[in-house]
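Asker:
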DNA sequence: ACTATAGGCAAGTGACAACTTGCATATCAA
DNA sequence: TTGATATGCAAGTTGTCACTTGCCTATAGT
């Protein structure tokens with residue numbers, strides 16, 4: 001089990017969320033190629049797979065397997081743990 | 101320069117933000133004692149100081165020095181980088 | 001000046017995380 | 001079944017982070 005904060009502490013994983021947010025339901029290979037093409041990343045498939053595992057473990061990505069393909073979907077609900085923890089208010093000291 | 105995501109990827113730092121959010125303007129020693137008393141942490145003063153440095157570097161804490169004391173204030177503005185990056189919407193695939 | 005208080009700097013250590021490499025499994029097509 | 005596709009598992013390496021330890025600076029009180 002990985003918490004949301006740790007899952008988000010990696011630019012590659014944040015880019016994955018960006019891409020899934022833009023186009024939901026991509027496979028591992030699609031995510032790999034889009035990260036390489038549009039973001040210049042040169043990571044192995046296994047590296048991206050591990051990142052997806054972290055995101056899934058944190059609940060930020062849910063998956064669905066059909067045949068030999070696995071589709072990944074962005075789930076923003078765990079982000080509420082961040083937005084809800086510290087009430088966004090202005091400083092009023094002094 | 102530390103980004104917001106990295107700064108939040110540590111439970112001690114999140115607790116510091118909790119405490120500053122509850123009572124703004126505390127000094128290093130006050131934060132140390134409150135973390136020890138209320139959260140059972142047994143960290144050295146230097147450890148907490150380094151955490152405050154990370155939070156300050158990320159812009160989540162701003163400081164003000166008066167005499168030999170340094171007061172710490174919670175600044176929630178950098179949190180917007182998180183809340184604004186991924187539009188919070190529900191999944192609509194399938 | 002002396003002492004105590006509040007904090008800072010820097011090197012060293014242990015643990016963990018990101019990434020690679022190599023091999024294995026499962027599905028689809030011929 | 002043979003081969004290609006899509007993904008999973010696991011060990012090893014490297015780098016980085018959290019924490020400690022030891023010493024140093026600066027302010028305030030007497």
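Protein chains in written order, with our numbering: chain S, 1 to 94; chain X, 101 to 194. All C-beta atoms in this analysis are idealised placements derived from N, C-alpha and C, irrespective of residue type, glycine included.
Is it the case that the Cβ atoms of residue 154 (chain X) and residue 175 (chain X) are separated by a distance below 9 Å?
Answerer: no
Asker: How is the beta strand (DSSP E) around residue 156 (chain X) delimited, first residue to last?
Answerer: Per DSSP, residue 156 (chain X) belongs to no beta strand (DSSP E); it is in the alpha helix (DSSP H), 145-157.
Asker: Closer than 7 Å by beta-carbon distance: list the chain S residues that pair up with residue 131 (chain X), in chain order.
Answerer: What residue 131 (chain X) touches in chain S: nothing, since even the nearest Cβ is about 15 Å away.
Asker: Since residue 68 (chain S) meets chain X, which of its residues come closer than 7 Å, beta carbon to beta carbon?
Answerer: Result: empty, since nearest Cβ-Cβ is about 19 Å, beyond 7 Å.
Asker: Would you kindly report the start and end of the unbroken alpha helix (DSSP H) that includes residue 164 (chain X)?
Answerer: It is not in any alpha helix (DSSP H) - residue 164 (chain X) instead sits in the beta strand (DSSP E) that spans 161-166.
Asker: In chain order, what residues of the same chain lie with their CB nearer than 7 Å to the CB of residue 2 (chain S), ignoring the 5 residues before and after it?
Answerer: 54, 57 and 58
Asker: Just the chain X side, please: which residues come within less than 8 Å of residue 35 (chain S) by C-beta, in chain order?
Answerer: Near residue 35 (chain S) there are no residues of chain X at all, since even the closest Cβ is about 17 Å away, more than 8 Å.
Asker: Mind pulling the alpha helix (DSSP H) runs of 4 or more residues that sit fully within the segment 107-149 of chain X?
Answerer: 111-122 and 128-139, all fully within the segment 107-149 of chain X.
Asker: To the nearest angstrom, how far is it from the Cα of residue 115 (chain X) to the Cα of residue 168 (chain X)?
Answerer: If you take the alpha carbons of residue 115 (chain X) and residue 168 (chain X), they lie about 24 Å apart.
Asker: From the beta carbon of residue 38 (chain S), is the nearest beta carbon of chain X less than 9 Å away?
Answerer: no
Asker: Could you tell me which residues DSSP pairs with residue 71 (chain S) in its beta bridges?
Answerer: S:64
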